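Read in order, the letters of the sequence shown are residues 2 to 303 in my numbering. Every residue gets a Cβ at the ideal spot worked out from N, C-alpha and C, and that includes glycine. Keep in mind that this is a model prediction, so the values were computed, not measured.
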Amino acid sequence: MELRHLRYFMTVAQEQSFTKAAEKLYTAQPSLSQQIKDLEQEVGVTLFDRTTRKVKLTDEGEAFLKYAALTLDNAKQAVAAARQVAKQKNNQIHIGFLNVAELKLMPSILAQLRKNIPNLKIHLHSLTCTEQIQKLRNAELDICFTRYKMDHSDYEDIHILTEQIYLVAADNLHPSERTLKLQELKNSSVIMCEQNASPIFYDKLNVLVPFEKMDDQMLWVTNVLQHINLINLGMGFSFAPEYLLKFLNHNIKIVKTDEQLPQLGLYANYHRHSNNIALKMITEALMQMTTEGKSAEEVIHA
2 MELRHLRYFM
12 TVAQEQSFTK
22 AAEKLYTAQP
32 SLSQQIKDLE
42 QEVGVTLFDR
52 TTRKVKLTDE
62 GEAFLKYAAL
72 TLDNAKQAVA
82 AARQVAKQKN
92 NQIHIGFLNV
102 AELKLMPSIL
112 AQLRKNIPNL
122 KIHLHSLTCT
132 EQIQKLRNAE
142 LDICFTRYKM
152 DHSDYEDIHI
162 LTEQIYLVAA
172 DNLHPSERTL
182 KLQELKNSSV
192 IMCEQNASPI
202 FYDKLNVLVP
212 FEKMDDQMLW
222 VTNVLQHINL
232 INLGMGFSFA
242 PEYLLKFLNH
252 NIKIVKTDEQ
262 LPQLGLYANY
272 HRHSNNIALK
282 MITEALMQMT
292 TEGKSAEEVI
302 HA
């Protein structure tokens, strides 16, 4: 029995379809079906009921599922542990970040790391929140700065800061100072990050403004530069986290809204049991910052 058999089994169980599972695994359906048959022959039981419209687990399959998941998870942890040791031996650290962390934290962090560990190899990765979390779990990153609080026993989360979200627009789009009802946006062009690019930002605002019902007037962006450029060009109303305001032109204003807009958190996420010296230096400074109410620059340069 190989790990790929377990991965195939898990995917079929999740998708409840050999066709969908084959597509997800980028393999041919006949090949996938044969792999599952080989697994069932080796285990000695039927794992799937193929007589219904959907492929369903048998009672034996349900029992097998629990331990198959644990085995795959343990295999991932084994790979992650080996990668962590390799990085420690090579005197390096991999840091993932969002733009807000790049502006507010990274200059101070990098300066202090170079001062205290001059031979340290620093790898920087500008990634979305989702990409960072996945790479952290795969031990491809030692620490990441995301909008997520992971709440997982294997990881630590340090709350770095909270930012207010604002509605902004060019003067000509909203020349008066009156409060804008969010429902009025359905009649205006709106610039917004795609959900995959910034899921928490999107989800928090989608509660107030149903973007999926406004397709005709939406301008979707996938990165911060696109977002800033379209706002500055006066292409529509947009929502911007606080750190973005400094990049907007003088003719862009904050628009008052009839409903309170949400806030965004920024978290440092890292593996609780890592022995990376550089990581410990960063996290100790960040924890000091949060407990003493200091800025990142004050703590890291102390």
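- In this structure, the CA atom of ILE94 is about 24 Å from the CA atom of ASN75.
- Per DSSP, LYS67 has no beta bridge partner at all.
- For the pair ASP158 and ALA241, the Cα-to-Cα distance works out to about 24 Å.
- With respect to the 7 Å criterion, LYS187 and MET215 are classified as neighbours on the basis of their beta carbons.
- Going by beta carbons, ALA69 and LEU4 fall outside the 7 Å limit.
- Taking the Cα positions, THR292 is about 45 Å away from ALA14.
- Cβ contact annotation for HIS126 (same chain, cutoff 6 Å, sequence separation greater than five): GLY97, in chain order.
- Between the stretch 253-273 and the stretch 203-218 there are three or more inter-stretch CB-CB distances shorter than 8 Å, so the stretches are counted as touching.
- Pairing ILE134 with ALA269 gives a Cβ-Cβ distance that is not under 7 Å.
- Within the same chain, Cβ atoms closer than 6 Å to the Cβ of THR223 are found at GLU195 and ALA198, the five residues on either side in sequence being excluded.
- By the criterion of a C-beta distance shorter than 7 Å, ARG273 is surrounded in its chain by ASP155, TYR156 and GLU157, once the five residues flanking it on both sides are discounted.
- Straight across, the Cα-Cα distance linking ILE283 with ILE110 is about 7 Å.
- Partner residues in the beta bridge of LYS57, as assigned by DSSP, are ASP50.
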